[in-house]
Amino acid sequence: MTRSEFQKLLTEKIVILDGATGTELVKRGMPQGVCPELWILENPSAMIEIQQAYRAAGSDIVFVPSFGANRLKLEEFGLADRLAEINRSLAGLSRCAAGDGLVFGDLAPTGKFIAPLGDIPFEDVVNVYKEQVAALLEGNVDGFVIETMMDIQETRAALLAVKESCELPVIVTMTFDEHRRTLTGSDPVSALITLQAMGADAFGCNCSTGPGDMLEIIKQIKPFATIPLIAKPNAGIPKLSAGKTVFDMCPESFAAYVPELAAAGINIMGGCCGSTPEHIRKMAANAACCKPLPPVIRALSAVSSAGSYCLLGRDKPFAVVGERINPTGKKALQAELREGKLAMVNNFAREQAAARAAILDVNMGLSGIDEKEMMLKAVAMLGGGLPLCIDSTSSEVIEAALRIYPGRALVNSISAEKSRLEKTLPAAAKYGAMFILLPLADEGIPETVEGRREIVKKVFGEAEKYGYSKADICVDGLVMTVSSNQNAAAITLDLIEWCSREFGVSTICGLSNVSFGMPRRGHVNNTFLAMAVGRGLNMAIANPSAEMLMPVVDAGNVLTGRDFKMKRYVEKYGAAEQGGKAPVVVKSDDHPAQQVFNCVLTGDEESIADAIKRTLAGGITAKDIVDRNLIPAINRVGELFDRKEYFLPQLIMSADAMRKGFEVLEPLLEEHKSENDKPKAVIVVATVEGDIHDIGKNIAALMLRNYGFEVIDLGKDVSARHIVAGAKAHNAAIIGLSALMTTTMVRMPEVIQLAKAEGLDKVKFMIGGAVVDQSYADEIGADAYAADAMESVRIAQRFTV
Amino acid sequence: MANQVFYFGNIPVVLPEDTVYSRLGRNRFLNKMPEAQKNLIGKYIAEGIALCHPTGCWLRLNIVERDSKSVKLENGDMLTSASLAELLASSHAVLLTASTVGAGIVEAATAASNAGEGVKALVYDAVGSEMADEAIGWIHGYIGQQLKRGSEKLTRRRFSPGYGDLGLENQQIIYDILNLEKLGIRLNDSLIMVPEKSVTAISGIERNQVV
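In structure tokens form, the structure reads like this:
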């Protein structure tokens, strides 16, 4: 069957697949723990009976029972050397059972994970599937199904294996959990975008859920689908009953979802775990009354990664392609890349995502490094985040990156240069990537708008031959610097307007080029951006953290109608405005002394120094500020903590604010210090020997310091001898000991016993940590147990009164 | 599922902020937080997540002998614990798992702590713990799905050395079986895993009859 014949069939009727195989085989005596594929070949009548029953029930397509017949799965049973024979024979069996029905070779997970999640290279998995595909082709299958996939990268490997082996139709289903994610984190829309761009003939979901949940997934993806959709649900949600898993949805209830599934846009349906020929019979009967709903769009302007996607287009919100992952002009990044490291790349990705970039441009072009190797490392690292724009002048680098990129990328860029048209364009097409069309040719950049338009038309004409549509490209306005040619901006703006309004494609530009060599470049960039948005620009390669860039983008979306009902703008900026009007704890019209109190209460470190200075200027003494504002405020924080209205981070923030306040007041308090004032009590703290956990001890130390104690922190994994010596040297009033493990808490009494033996009779011991409690403190002779940092402060205050 | 240790190099953990807040002790019904504090903690959570590199591994081993206080595995190792033996009463095999988020988050938390940035240290610490837990949870989710195909399932609970009567000395057994050095984990003299944001677990594998 050809792909076009398959597509024609899908316009005529809702195609019915088979139902569950595994549960039917168990019913027919397949024992647990065997290789199902081998058992089927040893008991062919069971499989023939099942598939004939599905055909009789109305299945148009049956799947060859080759689910686990890839090399990696067969190896588990010592059967890898029989791979070709097993797949060929299974296909033959299904062919025999299916009669004049269609037989699709079944590819399923290998059970291994592709690097970087697992340790198997992507290309090895492609080859594993190719080997299986070749054997199934020998068995004369009509097409392929890639099913129950949990990882987009493995799904891509299987799809590539089929596409590189034959021209037969291939359909793909993935399995999504209750959060509508695959095991490795892909959502249905991202997966659809990736796989339909790569040439899957239909996409959908199977297993994990019943028809009701699957209906919701189908509704979610239908608006983005350019290909037919598939649903192969379980017969309900599995339930445990008397120690057995039961699928309790009867055939009637199962089939009752068919009209809704059809209305949601399902073109192919069948059953997964727990379904029987009777489920399929009822399903087929109901489907016969429904008309197949074709895809609602022919092309989709969108890019994706393993776990996210971005819709592009002139009616969609403006997309900023983050430009930071590019070594040009970045010495620190260059040095890191030369060492083969990617920590800065990771940081740039995180920062740009936080600054609301929609896509990340990745460029590893740097002399002295292996660009391809570093690009592959970067793509592997970033493939699960925002969609990527693969940026290189080398077609080899672009093709290698596209092969392993677990999504639909944007290629930067393809021009009318011979090498780009002959090498980069077919590579981009093979992997279904969108691309940036650069209006330049081997002869250079045309100086006129007309010249650039001709190149746009030429390159697009070539791209159409590979199946590209206008939704799949965006034209680079090719911004030249205005400092060398003041007419440059006008040419770019004219081209943007023509592309956007007449030719009908998205437009993009490398924004900062326009201001090269000029002072205050941000002014020029942002003004140019606003002008270009007005002419139709809907994407820009820029630094999303640049001052005022995102506000211009947000406002532009409002003014061009891309922000429907201004929802995003109001959400972003309305709340901030309301925040200014709403009552806040630290108000400028409060008395400064009240502001000091509130600063501690809200943990406002930044404002407290100023509030204290203004309070002092108002004639209130430092001692009064401490006694009437700081101490009452921190006591109030303690109360809120005790009532669980505050939690530990807030307690620390308040304590930090208080410390800041003291830093301002301390010199003034020193001036008025009397001889009767007591010196600060010293507390020695440590995590006991053998224990490396110190966060609890550190937080207690921080709180104690903020409450005016002098804390000597001896660190973690500290011996009893060292702790006792430290207490002696600093004349400690209290020793605080921390331990988190049962194996290390036993070191606590050692410290206490040694201290007593060394004559530290007046020192108090306070212990804390997850495994100790008051009774343990009593048992080892400690004076107190502190459940948390706040309690350690209170105990210390009590001990040092 | 063969008897070899499988390693994951980059587990796709999705960490809900709520789990971090819960670990930090926030009572979501009682707690009120100004926007600025919320933003700061949210920022630290995002930074913490970026500092974590979740990796992990798993191994399946058959149970060859058992009594009420211990379970003997096919490789000859014995796990001694009455609670574990009870958990594994219906299991014919065990799943040993481990995860770690690497040293980066611990180092960053320590640096923050040393710099007096207590909130940052605390949040990083909580993120590290939760990420390690989520990573091992992810491995269990994956294995659970795989087992389903073979009509098997995991026990609902899992045990870790140090829980109940499963002594911490079992950490050494799991460490050796899973060859956790390959994940960059070492055991100190007190049998604590370093980096500290590392987790090991033992679960049972049971038959699961499907109707």
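Same order as they appear, the protein sequences are chains B and C.
Residue numbers for the first sequence follow this note's numbering, so the first one is 6 and each next one is one higher.
Residue numbers for the second sequence follow this note's numbering, so the first one is 6 and each next one is one higher.
Note that the Cβ used here is the ideal one computed from N, Cα and C, for glycine as well.
Going by beta-carbon coordinates alone, are residue 709 of chain B and residue 642 of chain B separated by less than 8 Å? Here residue 709 of chain B corresponds to residue number 704 of the first sequence, with the count starting at 1. Here residue 642 of chain B corresponds to residue number 637 of the first sequence, with the count starting at 1. The answer is no: Cβ separation not under 8 Å.
Considering only the alpha carbon of each residue, which of B:173, B:177, B:93 and B:130 lies closest to residue 141 of chain B? One-based indexing of the first sequence puts residue 141 of chain B at position 136. With distances taken between Cα atoms, residue 141 of chain B lies closest to B:93.
In the DSSP assignment, find the alpha helix (DSSP H) that holds residue 596 of chain B and state where it starts and stops. What you label residue 596 of chain B is simply residue 591 of the first sequence in a count that begins at 1. Where residue 596 of chain B is concerned, there is no enclosing alpha helix (DSSP H), given that its DSSP letter is neither H nor E.
Identity of the residues DSSP links to residue 251 of chain B by a beta bridge: As a position in the first sequence, residue 251 of chain B is number 246, starting the count at 1. Answer is B:244, bridged to residue 251 of chain B.
Taking the straight line between their C-alpha atoms, what separation do you get for residue 326 of chain B and residue 220 of chain B? Position 321 of the first sequence, counting from 1, holds the residue named residue 326 of chain B. Position 215 of the first sequence, counting from 1, holds the residue named residue 220 of chain B. Cα to Cα, the separation comes out at about 34 Å.
Can the beta-carbon of residue 312 of chain B be found less than 8 Å from the beta-carbon of residue 192 of chain B? By one-based count along the first sequence, residue 312 of chain B stands at place 307. By one-based count along the first sequence, residue 192 of chain B stands at place 187. Contact check for residue 312 of chain B against residue 192 of chain B passes: the beta carbons are separated by less than 8 Å.
Under 7 Å by beta carbon: chain C residues contacting residue 158 of chain B: Sequence index remark: in the first sequence, residue 158 of chain B carries index 153 (1-based). Taking a Cβ-Cβ threshold of 7 Å, none of the residues of chain C is close to residue 158 of chain B; the smallest such distance is about 11 Å.
Identify each residue in the segment 27-58 of chain B for which the Cβ-Cβ distance to at least one residue of chain C is less than 8 Å, and report them in chain order. Only 27, 28, 31, 37 and 38 from the segment 27-58 of chain B bring a Cβ to less than 8 Å from some Cβ of chain C.
Would you identify the three-state DSSP class for residue 65 of chain B, choosing helix, strand or coil? In the first sequence, the residue the question calls residue 65 of chain B occupies position 60. Annotated three-state conformation of residue 65 of chain B is coil, per DSSP.
Assigned secondary structure, residue 528 of chain B (DSSP; H/G/I helix, E/B strand, else coil): The residue given as residue 528 of chain B occupies position 523 in the first sequence. DSSP places residue 528 of chain B in helix when its eight states are reduced to three.
Please work out which residues of its chain come closer than 8 Å, Cβ to Cβ, to residue 589 of chain B, disregarding the five sequence neighbours upstream and downstream, and give them in chain order. Residue mapping note: residue 589 of chain B aligns to position 584 of the first sequence, counting from 1. A caution first: residue 589 of chain B carries a pLDDT of 37, below 50, which makes its placement in the model unreliable, though a value can still be read off. There are no such residues.
Alpha carbon of residue 429 of chain B to alpha carbon of residue 29 of chain B, nearest angstrom: Position 424 of the first sequence, counted from the first residue, corresponds to residue 429 of chain B. Position 24 of the first sequence, counted from the first residue, corresponds to residue 29 of chain B. Rounded to the nearest angstrom, the two C-alpha atoms are 49 Å apart.
According to a CB-to-CB cut-off of less than 8 Å, which residues of the segment 125-145 of chain C neighbour chain B? Hits within the stretch, in order: 126, 127, 128, 130 and 143.
Less than 8 Å separating the beta-carbons of residue 713 of chain B and residue 683 of chain B? Reading the first sequence from its first residue, position 708 is the one you call residue 713 of chain B. Reading the first sequence from its first residue, position 678 is the one you call residue 683 of chain B. Annotated as distal: residue 713 of chain B and residue 683 of chain B, with beta-carbon spacing of 8 Å or more.
Return helix, strand or coil for residue 212 of chain C, following the three-state DSSP convention. As a first step, residue 212 of chain C is located in the second sequence; it is residue number 207 there, counting from the start. Look at residue 212 of chain C here: in three-state DSSP terms it is strand.
Identify every residue that forms a DSSP beta bridge with residue 149 of chain B. For the purposes of this step, residue 149 of chain B is taken as residue 144 along the first sequence, with counting starting at 1. As a beta-bridge residue in DSSP terms, residue 149 of chain B pairs with B:110 and B:175.
What separation, rounded to the nearest whole angstrom, lies between the Cα atoms of residue 526 of chain B and residue 400 of chain B? Counted from its first residue, the first sequence places residue 526 of chain B at position 521. Counted from its first residue, the first sequence places residue 400 of chain B at position 395. Taking the straight line joining both Cα atoms gives about 32 Å.
Taking a Cβ distance cut-off of 7 Å, strictly less, list which residues of the segment 690-711 of chain B are near chain C, in chain order. Flagged, chain order: 695, 696, 697, 698, 700, 703, 704 and 707.
On the premise that residue 652 of chain B lies in contact with residue 44 of chain C, defined as a C-beta separation below 8 Å, what is that separation, rounded to the nearest angstrom? The residue you call residue 44 of chain C lines up with position 39 of the second sequence. The residue you call residue 652 of chain B lines up with position 647 of the first sequence. Not a contact, Cβ separation roughly 16 Å.
Just to confirm the assignment, what range does the alpha helix (DSSP H) spanning residue 309 of chain B have? If you number the first sequence from 1, residue 309 of chain B lands on position 304. DSSP places residue 309 of chain B outside any alpha helix (DSSP H); the residue lies instead in the beta strand (DSSP E), whose first and last residues are 307-309.
contact_flag[the segment 135-146 of chain C, the segment 717-733 of chain B] where n(CB pairs < 8 Å) is 3 or more: No, the segment 135-146 of chain C is not in contact with the segment 717-733 of chain B.
Nearest neighbour of residue 396 of chain B, chosen from B:389, B:367 and B:404 [CA to CA]: Counting from one through the first sequence, the residue named residue 396 of chain B turns up at place 391. Minimum Cα-Cα distance from residue 396 of chain B among the listed residues B:389, B:367 and B:404 corresponds to B:367.
For a contact defined as C-beta to C-beta under 8 Å, what are the partners of residue 281 of chain B on chain C? Residue 281 of chain B sits at position 276 when you count from the first residue of the first sequence. Counting only Cβ-Cβ distances below 8 Å, residue 281 of chain B has no contacts in chain C at all, with the closest Cβ about 11 Å away.
Since I believe residue 304 of chain B is in contact with residue 199 of chain B (beta carbons under 8 Å), could you give me their beta-carbon distance rounded to a whole number of angstroms? Indexing the first sequence from 1 puts residue 199 of chain B at position 194. Indexing the first sequence from 1 puts residue 304 of chain B at position 299. The pair is not a contact, with the Cβ atoms about 15 Å apart (cut-off 8 Å).
Touching or not, the segment 107-121 of chain C and the segment 170-187 of chain C, by the rule of three or more beta carbon pairs under 8 Å? Judged by Cβ distances under 8 Å, the segment 107-121 of chain C makes no contact with the segment 170-187 of chain C, as fewer than three pairs qualify.
The segment 34-49 of chain C in contact with the segment 748-756 of chain B per 3-pair CB rule at 8 Å: Fewer than three pairs of CB atoms, one per stretch, sit closer than 8 Å, so the segment 34-49 of chain C makes no contact with the segment 748-756 of chain B.
Would you call the CB atoms of residue 665 of chain B and residue 715 of chain B closer than 8 Å? Within the first sequence, the letter at position 660 stands for residue 665 of chain B. Within the first sequence, the letter at position 710 stands for residue 715 of chain B. Taking 8 Å as the Cβ cut-off, residue 665 of chain B and residue 715 of chain B do not qualify as a contacting pair.
Mind checking if residue 588 of chain B is an interface residue toward chain C, Cβ cutoff 8 Å exclusive? The residue you call residue 588 of chain B lines up with position 583 of the first sequence. With a pLDDT of only 32 at residue 588 of chain B, under the threshold of 50, the placement of this residue in the model should not be trusted, and no figure is reported.
Chain C within 8 Å of residue 584 of chain B, Cβ atoms only: Within the first sequence, residue 584 of chain B is the residue found at index 579, counting from 1. Residue confidence for residue 584 of chain B is low, a pLDDT of 45 falling below 50, so the modelled location carries little weight and cannot support an answer.
Going by DSSP in three states, residue 2 of chain C sits in which element: helix, strand or coil? This structure cannot speak to residue 2 of chain C, because chain C is shown only from 6 to 216.
Residue 504 of chain B versus B:473, B:516, B:528 and B:542, residue with shortest Cα-Cα distance: For this step, residue 504 of chain B is matched to residue 499 along the first sequence. It is B:542.
Counting contacts by CB-CB distance shorter than 8 Å, is residue 110 of chain C in contact with chain B? On the second sequence, position 105 is the one that residue 110 of chain C refers to. Nearest CB-CB separation between residue 110 of chain C and chain B: not below the 8 Å threshold.
Rounded to whole angstroms, what is the Cα-Cα separation between residue 351 of chain B and residue 387 of chain B? Reading the first sequence from its first residue, position 346 is the one you call residue 351 of chain B. Reading the first sequence from its first residue, position 382 is the one you call residue 387 of chain B. In a straight line, the C-alpha of residue 351 of chain B is about 7 Å away from that of residue 387 of chain B.
Runs of 4 residues minimum, wholly inside the segment 189-276 of chain B: which ones carry the alpha helix (DSSP H) assignment? The segment 189-276 of chain B contains, as complete alpha helix (DSSP H) runs of 4+ residues, the segments 193-202, 216-226, 256-260 and 263-269 (chain order).
Hey, residue 277 of chain B and residue 237 of chain B: beta-carbon distance below 8 Å or not? Position 272 of the first sequence, counting from 1, holds the residue named residue 277 of chain B. Position 232 of the first sequence, counting from 1, holds the residue named residue 237 of chain B. Residue 237 of chain B is positioned such that its CB atom lies closer than 8 Å to that of residue 277 of chain B.
Chain-order list of residues whose beta-carbon lies under 7 Å from that of residue 585 of chain B (same chain, five-residue window excluded): Along the first sequence, read from residue 1 onward, the residue named residue 585 of chain B stands at position 580. With a pLDDT of only 39 at residue 585 of chain B, under 50, the local geometry of the prediction cannot be trusted, and the value read off the model is given with reservation. Cβ neighbours of residue 585 of chain B beyond the five flanking positions: none.
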